[in-house]
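Numbering (this note's numbering), first residue to last: 471 to 924.
First up is the structure itself, then whatever we jot down about it.
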């Protein structure tokens, strides 16, 4: 591998040529950190740039690298395991630190920030965001751990280090698992608050992850989840030849769970495609049933484990009669070979609690379900925000031929969805409460921040 270049095509985590890159790259980008609880600590530096740089350099030593993450395997699940730390700077943060423009990440969307993208994306005005998220953000710390007491302990340690350095606020996140009967055996799946299995169909960067994804099959026949490292990594201009970073989009998305399920139940009784079944109505919205099973995918590999089916495409469903064009998974990932460069790496986590299981959620009294205060801390990594996240979000908000917003990812108002038997009136039940575009610098850039020019 030449200096400053990534290997093309599929890679192995054991490739000796990759080790310098992995030893300097932040964790959680190429593979999720795995912890079920996290705190997003949002920072606005109020000290002099030199002092802020000194703090960043010191904190850089806390950040976990991809190499450490891979070497640790699943050790984060063990009692007493170390926390995960990640650190991300906004364009405003780079400017506050006085980093020269030539050493800042160059992506135009990143430099402009997420507030400037609202009209382009079809988002609501930033004036409608949570009051404490309307302020300029300079940085975000991601702290994650499996145990709530340890998370709180580490958060307190971080906050103590910020005295005199930055104003801070915290957004919490917690992954939820709900029980679902998978054949004759109970299974547990990570789910978001609307009740659907989360985290399916991610890009995979290493041969080891591709082999694990096969679930005993001989090969990926219909859908190839592999991705080059360049999908998510870009050279870090402030670092050396093997310094790479990634762009992080964070959006706080509030979910109206009561409204969503009220609409599903009504739609099940009024639209012929739903056949009187609220679960099927939800699958038509999402493209998957709550357990993760795709909606009648032609040619899907039968693994005998419904929620694990992922080797499918839509080539046998050109008219959208099995999975509607409006369905979330088909809109965001058409699986037609044309949008592979637009894929993103999702690292989101829920906030707030909806305690029902899959079955209980479907039958719960509507008044027992929350209208707000719960949702998703959406996070995704990519190498080009404008070419990846923004294209997907525009597709989620405004679709061709008069479609309304994506029912679970759209943040625009109004519209109808196209189902085989005709339009289905169904608004989005997601509200954008705030967010920002960040960059995940190489660890060496963070630890050397105090010595950078400027």
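From the three backbone atoms N, C-alpha and C, an ideal C-beta is built for every residue, glycine too.
Source: prediction; values computed, not measured.
Contact between residue 841 and residue 728 holds, with the beta-carbon distance rounding to 5 Å and staying under 8 Å. Only residues of its own chain outside the window of five on either side were considered, and among them 599, 600, 722 and 724 have a CB closer than 6 Å to the CB of residue 903, listed in chain order.
Annotation for residue 677: the continuous alpha helix (DSSP H) segment containing it runs 677 to 683. Going by DSSP, residue 889 is part of the beta strand (DSSP E) stretching over 886 to 889. For residue 589, the secondary structure class from DSSP, reduced to helix, strand or coil, is helix. Counted as a single uninterrupted DSSP element, the beta strand (DSSP E) harbouring residue 721 occupies residues 714 to 725.
Taking the Cα positions, residue 882 is about 5 Å away from residue 867. Taking C-beta atoms as the reference points, residue 560 and residue 492 fail to come closer than 8 Å.
Under the three-state reduction of DSSP output, residue 857 falls in the coil class, being neither helix nor strand.
By the C-beta density criterion, residue 921 is exposed, having fewer than 16 other C-beta atoms within 10 angstroms. The shortest CA-to-CA distance from residue 877 to any of 888, 899, 704 and 892 is the one to 899. Taking a 10 Å sphere around the C-beta of residue 631, we find fewer than 16 other C-beta atoms and assign the residue as exposed. One Cα belongs to residue 583, the other to residue 730, and the distance between them is close to 30 Å.
Its Cα nearest to that of residue 530, the residue 917 stands out among 917, 923 and 924. Beta-carbon to beta-carbon, residue 797 and residue 746 are separated by about 19 Å, too far to satisfy the 8 Å threshold. Three or more Cβ pairs drawn from the stretch 565 to 573 and the stretch 520 to 528 lie within less than 8 Å of each other, which places the two stretches in contact. Contiguous alpha helix (DSSP H) elements confined to the stretch 529 to 587 occur at 536 to 542, 561 to 567 and 578 to 582, taking only those with 4 or more residues. With respect to the C-alpha of residue 864, the residue from 909, 801 and 833 having the closest C-alpha is 801.
In the displayed model, residue 605 falls within coil according to three-state DSSP, outside both helix and strand. A contact is defined here as three or more CB-CB pairs under 8 Å, and the stretch 748 to 755 fails this definition with respect to the stretch 779 to 788.
Per DSSP, residue 641 is one residue of the beta strand (DSSP E) stretching across 636 to 644.
Within 10 angstroms of the beta-carbon of residue 806 lie fewer than 16 other beta-carbons, which makes it exposed. A direct Cα-Cα distance of roughly 34 Å separates residue 507 from residue 692.
For residue 535, same chain residues with a beta-carbon under 8 Å away, outside a window of 5 residues either side, are 492, 493, 494, 495, 496, 497 and 913 in chain order. Taking a C-beta distance under 8 Å as the contact criterion, residue 815 and residue 673 qualify as a contact pair.
Under the three-state reduction of DSSP, residue 731 is assigned to helix. When the beta-carbon positions are compared, residue 577 and residue 855 come within less than 8 Å of each other. Looking at the DSSP output, residue 820 bridges to 846. Here the C-alpha atom of residue 819 lies approximately 32 Å from the C-alpha atom of residue 890. Exclusion of the five residues before and after residue 817 leaves 498, 502, 849, 850 and 851 as the residues of its chain whose Cβ lies within less than 7 Å of its Cβ. Here residue 481 is buried, its C-beta having at least 16 other C-beta atoms within 10 Å.
Per the coordinates, the alpha-carbon of residue 588 lies some 11 Å from the alpha-carbon of residue 906. Using a Cβ distance threshold of 8 Å, residue 700 and residue 527 do not count as a contacting pair. Taking a cut-off of 8 Å for Cβ pairs, the stretch 607 to 623 and the stretch 543 to 560 touch, as three or more such pairs fall below it. Under the criterion of beta carbons closer than 8 Å, residue 505 and residue 616 qualify as touching, at roughly 5 Å.
Counting only the Cα atoms, residue 763 lies some 27 Å from residue 698.
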